[in-house]
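See below for the structure under consideration.
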Amino acid sequence: MILRVALDVPLPKLFDYRTDEATRADVGYRVLVPFGKKRLVGLIVEVAADSDVPASRLRAAEKILRDVPPLEHEWLELVKFCSGYYQRPLGDVVAAALPPRLRRLQAIPELPATYAITASGSEALAALPARQRRMRALLEQLRQEPRGGPAIAAELRGARALIARGLEAGWVAEVEPPRPEPRFVRALTLTPEQEQALARLRQGLDKFGVSLLFGVTGSGKTEIYLQLIAEVLSRGKQALVLVPEIALTPALAAAFRSRFADACIVTQTSATPEAERARGWLLAHRGLAHIVLGTRLAVFASLPGLGLVVVDEEQDASFKQREGVRYSARDLAIARAHIAGAPVVLCSATPSLETFHRATSDKYELVPLTRRAIREAELPAVRLVDTRAHPVHDGFTAPLLEAISARLGRGEQSLVFLNRRGYAPVLACPACGWVKGCRRCSAHMVVHLSERSLRCHHCGLAESIPRACPECGNPDLHPFGRGTQRVEISLGEKFPRARVLRLDSDAVRSQSGLDGILESADRADILVGTQILAKGHHFERLTLVGVLNADAGLFSSDYRAGERSFAQLQQVAGRAGRASLPGEVFIQTRYPGHPLYQALVKHDYTGFARSVLAERREAGFPPFVFEAVLRAESADAMRAMRFLREAIEAAPPRSAAISLFDPTPMSLARLAGVERAQALLQSRSRPRLQAFLSKWSETLYRLPAHGVRWHLDVDPVEF
Ligand code: ADP
Ligand code: ZN
Ligand code: ZN
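Heads up: the sequence shown at position 79 corresponds to 78 in our numbering, and the numbers run straight through without jumps.
Spelled out as structure tokens, the structure:
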């Protein structure tokens, strides 16, 4: 027999191995094979009778690894789809999809075995002499109910040896672990609007379909999908929930645990320790986990009983993998549900325009929620502070300072939001105009005063702050602009009695985790933070949000910047007035008439989305066209550009339906010492674009690379 094996090597093909021990039922098992001088763990994708490789060159597979049950047809369909759609070798995709432990020849953390007493064990128990005290205790335990190894060991010394003796004597047998029945804890009565939304989603539960649960912040989307999951579990199926942020998963997992008593809930993120990740993955794979909760990589969890996929904050940029296999977990979630014949629920207050467009053109089901779930909680009032009329000092206008001051007087909390960490984004010499750039990236270095250093936020390079200008010797270098650290300091000066707390990824790192810092956040009077603050957490006393520097998102060359900016501003605005106190949002801007702000004031995502979609349709941008880029990376910018030109010349003939543009450097052209350039492809037809990419990709693998690394990025989000 011939095994066709997906291996984690950068070649777009499967590798053939011979074996005597295989049958067709071995598809989906992992296998240990020799590759060059190495041994690799791969995945058996096909078992065939013959191979195109001459018999003399076929090597033998070393061992089929049957300790883990084989991956099922549906899972293989998912990775094959991913490989085809994103133009990556199947072996690459499989490697990205499996937890690291399963890709290596390393002991798999075992699921604790469960033991039960046998009939002869019961007889033995009656007959065993009293001095066999510990064996009697073991059998006595198991007579009550089957138990896991760790549970036995907790009560019985030397449990391992005892169990081994019991197994040998035939008194004890290993059994399938009992699958606990999850119980849903009903904590809330749904509002009529929530009830309606749930009823509609419930109707779609037994088949594939995409719904967009589109509700303002605080409308109780989470509660709806929790109840929907409860329904799925009661039908004996599994649920997959994807969330954007690693930092939020532990809190969400805890919330899930408190609502689903006795359920087996597995989390999968890149921060999950390897052994735990593998254990959780196996629980899901064996059908024992009820719910898998995780970030984008969780989309690859093996779930034989998949009955529902939820993607929370579906617009979030973190669902797109930016290296290796550049997949969108949101889009794969849909493909996956399609394969499994299960529904997907996308949740958002500010959906991506792709999703919104489909939901309003009958491709997806639109399930709206227009009101906040807690009756007293009104949407916050959004006010635009015109910085031409109210000049900015130290980052603040007078109206915003007055508003903060009023909150301090009432014992309420304020949040100052700006999306820039560090002290100042630029260090410059006012005498000669020198600006400190990163030597590895085309970017400025950011001044971090607390660590007295300069940092590159793109590559992580850190340097000490120079004493004088390297160009002209001027010792008086100035930090320009402001980041969270500087704002924190100014607030401390302006409100010396207030407790000011900074919340950004630097603070989170130095406080070892978001949880601890969020705890102290409830006691602070003024919070200063980046988008870390925008999501998830409820601050009971928070009634004011002030936004500094919002205009930065208005005039980007990236056509998605407006959409992201709106989503982010609405999300932070949603932090104000969550409970019974009404909230207010101040946005400082030079452009109060800008349509984005006008829509925010009216909480009118729909109006905003429609106007941007009209522009996109006019200009020929997604979702009205489909895009891909060929990207080249090299230490030498000329080489990268030359490779792209050669690639375009070598491109197969294409119809007029596909536009292939001249190569250009990326907007961040140099990253960590690597020069990056790309050529953009657009087409109104996704199938034609796909067909072209597959043919092109074949020629690309044959092109001499000369120190250039290349990849295709389908549905790119970086330019
Ligand atoms: P969203 O995800 O739509 O922003 P959440 O699901 O986080 O909203 O809900 C916002 C708040 O409203 C939470 O504190 C939640 O417990 C509460 N909530 C949701 N549904 C109800 C309900 N039916 N009755 C009372 N409170 C609710
Ligand atoms: Zn100078
Ligand atoms: Zn850098």
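For each residue, glycine too, the CB sits at the ideal point set by N, CA and C.
Residue i versus residue j: straight-line alpha-carbon distance, rounded
{"i": "GLU109", "j": "LEU251", "result": "26 Å"}
{"i": "GLU222", "j": "ARG485", "result": "39 Å"}
{"i": "LEU204", "j": "THR216", "result": "25 Å"}
{"i": "LYS694", "j": "ARG683", "result": "18 Å"}
{"i": "ALA497", "j": "ARG406", "result": "11 Å"}
{"i": "ARG156", "j": "LEU282", "result": "28 Å"}
{"i": "ALA678", "j": "ALA668", "result": "13 Å"}
{"i": "SER441", "j": "LEU670", "result": "7 Å"}
{"i": "PRO390", "j": "GLU401", "result": "14 Å"}
{"i": "ARG201", "j": "PRO622", "result": "29 Å"}
{"i": "VAL174", "j": "ALA150", "result": "15 Å"}
{"i": "ARG466", "j": "GLY459", "result": "21 Å"}
{"i": "ALA274", "j": "ILE107", "result": "8 Å"}
{"i": "LEU414", "j": "LEU543", "result": "6 Å"}
{"i": "PRO34", "j": "PRO11", "result": "Position check: residue 34 holds Phe in this sequence, whereas Pro was assumed. Spanning the two alpha carbons is a distance of roughly 15 Å."}
{"i": "GLY148", "j": "GLU167", "result": "16 Å"}
{"i": "ALA54", "j": "ALA48", "result": "12 Å"}
As assigned by DSSP and simplified to three states, the class of residue i
{"i": "HIS456", "result": "coil"}
{"i": "ASP505", "result": "helix"}
{"i": "PHE718", "result": "coil"}
{"i": "ILE531", "result": "helix"}
{"i": "PRO98", "result": "coil"}
{"i": "ILE107", "result": "coil"}
{"i": "LYS79", "result": "helix"}
{"i": "SER347", "result": "strand"}
{"i": "ALA676", "result": "strand"}
{"i": "GLN86", "result": "coil"}
{"i": "LYS694", "result": "helix"}
{"i": "PHE183", "result": "strand"}
{"i": "PRO594", "result": "helix"}
{"i": "TYR224", "result": "helix"}
{"i": "TYR604", "result": "helix"}
{"i": "LEU541", "result": "strand"}
{"i": "ASP205", "result": "coil"}
{"i": "VAL384", "result": "strand"}
{"i": "ALA297", "result": "helix"}
{"i": "PRO686", "result": "helix"}
Same chain, Cβ closer than 7 Å to residue i, five either side skipped, listed in chain order
{"i": "ALA196", "result": "LEU212, ILE223, VAL366 and LEU368"}
{"i": "ARG685", "result": "PHE625"}
{"i": "ALA430", "result": "CYS468, CYS471 and ASN473"}
{"i": "PRO752", "result": "Outside the displayed range of the chain (0 to 718) lies residue 752, so it cannot be described from this structure."}
{"i": "GLY208", "result": "PRO342 and GLU364"}
Residue i classed as buried or exposed, judged by whether at least 16 other C-beta atoms fall within 10 angstroms
{"i": "MET637", "result": "exposed"}
{"i": "LEU443", "result": "What sits at residue 443 in the sequence shown is His, not Leu. Looking at its Cβ environment, which holds 16 or more other Cβ atoms inside 10 Å, HIS443 is buried."}
{"i": "LEU101", "result": "buried"}
{"i": "GLU312", "result": "buried"}
{"i": "GLN86", "result": "buried"}
{"i": "GLY159", "result": "The identity of residue 159 in the sequence shown is Arg, whereas the question assumes Gly. Exposed, because fewer than 16 other Cβ atoms sit within 10 Å of the Cβ of ARG159."}
{"i": "SER351", "result": "buried"}
{"i": "ASP661", "result": "exposed"}
{"i": "PHE554", "result": "exposed"}
{"i": "VAL184", "result": "exposed"}
{"i": "LEU292", "result": "buried"}
{"i": "ASP66", "result": "exposed"}
{"i": "ARG487", "result": "Before going on, a small fix: residue 487 reads as Glu here, not Arg. Buried."}
{"i": "LEU705", "result": "The sequence shown places His at residue 705, not Leu. With fewer than 16 other Cβ atoms within 10 Å, it is exposed."}
{"i": "GLU562", "result": "buried"}
{"i": "ASP514", "result": "exposed"}
Contacts around residue i, its chain only, beta-carbon distance under 6 Å, and the 5 residues preceding and following it disregarded
{"i": "ARG540", "result": "GLU411 and GLN412"}
{"i": "GLN226", "result": "LEU197"}
{"i": "THR18", "result": "MET0, LEU2 and ALA60"}
{"i": "SER309", "result": "The amino acid occupying residue 309 in the given sequence is Val; Ser does not appear at that position. Excluding sequence neighbours, VAL309 sits near TYR224, VAL240 and VAL344."}
{"i": "LEU680", "result": "ALA627 and LEU659"}
Own chain, CB closer than 8 Å to residue i, minus 5 neighbours either side, in chain order
{"i": "VAL673", "result": "GLU632, SER633 and ALA634"}
{"i": "GLY304", "result": "GLY235, LYS236, GLN237 and GLY286"}
{"i": "GLN569", "result": "THR216, ALA348, THR349, LEU599, HIS602 and TYR604"}
Beta strand (DSSP E) runs wholly inside the stretch 612-661, at least 3 long, in chain order: DSSP runs (the beta strand (DSSP E)) wholly in the stretch 612-661: 625-633 and 657-659.
Run through the stretch 228-281 for me and flag every whole alpha helix (DSSP H) of 4 or more residues, listed as ranges in chain order. Counting only runs of 4 or more, we get 248-258.
Output the residue ranges of the alpha helix (DSSP H) runs that lie fully inside the stretch 121-164 and measure 4 residues or longer, sorted by chain position. Note on the stretch 121-164: whole alpha helix (DSSP H) runs with a minimum of 4 residues are 132-143 and 148-154, in chain order.
So if I measure from each beta-carbon to every heavy atom of ligand 4 and keep distances below 5 Å, which residues remain? Among the ligands in the structure shown, ligand 4 does not appear; only ligand 1, ligand 2 and ligand 3 can be found there.
Counting only runs that start and end within the stretch 401-432, where is the beta strand (DSSP E) found for 3 or more residues in a row? Fully contained in the stretch 401-432 are the following beta strand (DSSP E) runs of length 3 or more, in chain order: 412-416 and 425-427.
Can you give, in chain order, each stretch of the beta strand (DSSP E) that sits fully within the stretch 37-70 and has at least 3 residues? If we require 3 residues or more, the beta strand (DSSP E) runs fully inside the stretch 37-70 come out as 37-47 and 62-64.
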